[in-house]
Amino acid sequence: MSQVAYLPVGKREQTKAANRRSILDAAREVFGELGYESATVRDIIRRTGLSVGAFYNYYRSKEEVFEALADDGARRFRPLLRAAYDNADGFETYVRGAIQAYFDFLADEHENWQARRPAGERQPHTQVQTPEMAAVFDEIRDALAEVMERGDAPRVDPDYLAVACIAVSREIGEKMLQRRPIDTRAAADFAVALILGGVAALPRLYAD
Numbered sequence: 081m082s083q084v085a086y087l088p089v090g091k092r093e094q095t096k097a098a099n100r101r102s103i104l105d106a107a108r109e110v111f112g113e114l115g116y117e118s119a120t121v122r123d124i125i126r127r128t129g130l131s132v133g134a135f136y137n138y139y140r141s142k143e144e145v146f147e148a149l150a151d152d153g154a155r156r157f158r159p160l161l162r163a164a165y166d167n168a169d170g171f172e173t174y175v176r177g178a179i180q181a182y183f184d185f186l187a188d189e190h191e192n193w194q195a196r197r198p199a200g201e202r203q204p205h206t207q208v209q210t211p212e213m214a215a216v217f218d219e220i221r222d223a224l225a226e227v228m229e230r231g232d233a234p235r236v237d238p239d240y241l242a243v244a245c246i247a248v249s250r251e252i253g254e255k256m257l258q259r260r261p262i263d264t265r266a267a268a269d270f271a272v273a274l275i276l277g278g279v280a281a282l283p284r285l286y287a288d
């Protein structure tokens, strides 16, 4: 009779979760030290202590690892985004609260690969859209649509506005992290002024 030992289901799931976390933690360190473009799967594997086969049980490439990191970050940011909406009393306070929360989140992540990667390296040139990132977009779009419905903001396309807010925040946040000291308030003030000024001009644009 076979002597193969089987882990209890609960223990097996805990082991899988621990291995995934080990891979993601190692990837943050490796991407931070080497940069995303220079890092390889083998670099990540060596940092985990797992076998090559064990790594490929969870991820097929470093691109998949990066997507998992992005998904994890979006998942952890969503409660902060919801709090910004709950604490807002209108359009401007929501935009300001959400953007400030995002920049503070980026600054708090300064120990991970995004802040420690080689100077001058920008975001990886990969098209990433994870379920959690899609959920962040949906929350922002729905919140904007709701405040517009209440009459707290000009009625504009909520999809386009959500995309614009996210794009502006990402680019300014990227530049913010390259500066020392990191000033989240100044970055948020600039982004908010840019977005609010653009939104104010849209009704005139559509009127023409």
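For the sequence shown, the numbering used here gives the first residue as 81, with consecutive numbering after it.
Think of the CB as a built atom: it goes at the ideal place given N, C-alpha and C, for glycine as much as any other residue.
Ala154, buried or exposed, once every other Cβ within 10 Å from all chains shown has been counted against 16:
Indexing the sequence shown from 1 puts residue 154 at position 74. Taking a 10 Å sphere around the C-beta of Ala154, we find 16 or more other C-beta atoms and assign the residue as buried.
Which residue's Cα is closest to the Cα of Ile179: Ile220, Arg140 and Glu143?
Residue mapping note: residue 179 aligns to position 99 of the sequence shown, counting from 1. The candidate whose alpha carbon is nearest that of Ile179 is Ile220.
What's the C-alpha gap between Ala281 and Gly231?
Position 201 of the sequence shown, counting from 1, holds the residue named residue 281. Position 151 of the sequence shown, counting from 1, holds the residue named residue 231. About 16 Å.
Along the chain, where does the alpha helix (DSSP H) that runs through Pro238 open and close?
The residue given as residue 238 occupies position 158 in the sequence shown. Note, Pro238: alpha helix (DSSP H), Pro238 to Gln258.
Could you pull out every residue in the same chain whose Cβ sits closer than 7 Å to the Cβ of Leu125, ignoring the five residues on either side in sequence?
What you label residue 125 is simply residue 45 of the sequence shown in a count that begins at 1. Before going further, note that residue 125 is Ile rather than Leu in the sequence given. Excluding residues within five positions, the ones whose Cβ falls inside 7 Å are Val132 and Phe135.
What first and last residue would you give for the alpha helix (DSSP H) that runs through Ala223?
Your numbering for residue 223 matches position 143 in the sequence shown. Boundaries of the alpha helix (DSSP H) harbouring Ala223: Pro211 to Glu229, taken from the DSSP string.
CB-CB under 8 Å to Gly129, same chain, minus the five flanking residues each way: which ones, in chain order?
Counting from 1 along the sequence shown, the entry for residue 129 is found at position 49. Around Gly129: Ser102.
Can you give me the C-alpha to C-alpha distance between Thr95 and Leu104, rounded to a whole angstrom?
Along the sequence shown, one-based indexing puts residue 95 at 15. Along the sequence shown, one-based indexing puts residue 104 at 24. Straight-line spacing of the CA atoms in Thr95 and Leu104 works out to 14 Å.
Ala271 versus Ser249: straight-line alpha-carbon distance, rounded
Within the sequence shown, the letter at position 191 stands for residue 271. Within the sequence shown, the letter at position 169 stands for residue 249. Between the alpha carbons of Ala271 and Ser249 lies a gap of roughly 7 Å.
Kindly confirm or deny that the region 244-259 and the region 139-152 touch, where touching means at least three C-beta pairs closer than 8 Å.
No, the region 244-259 does not touch the region 139-152.
Taking only the alpha-carbon atoms, compute the straight-line gap between Ala119 and Ala214 and give it to the nearest angstrom.
Here residue 119 refers to the residue found at position 39 when the sequence shown is read from its first residue. Here residue 214 refers to the residue found at position 134 when the sequence shown is read from its first residue. So the alpha carbons of these two residues sit roughly 27 Å apart.
Could you tell me which of Arg127, Pro261, Thr264 and Glu226 sits nearest to Arg100, measuring between CA atoms?
To locate residue 100, count along the sequence shown from 1; it is residue 20. Selection Arg127, Pro261, Thr264 and Glu226 evaluated against Arg100 yields Arg127 as nearest (Cα-Cα).
Option nearest Lys255 by Cα separation, candidates Ala163, Leu186 and Glu109:
Within the sequence shown, numbered from 1, the residue matching residue 255 stands at position 175. Of the candidates Ala163, Leu186 and Glu109, the one whose C-alpha sits nearest the C-alpha of Lys255 is Leu186.
If you draw a straight line from the C-alpha of Val279 to the C-alpha of Arg176, how long is it?
As a first step, residue 279 is located in the sequence shown; it is residue number 199 there, counting from the start. As a first step, residue 176 is located in the sequence shown; it is residue number 96 there, counting from the start. For Val279 and Arg176, the gap between their C-alpha atoms comes out near 14 Å.
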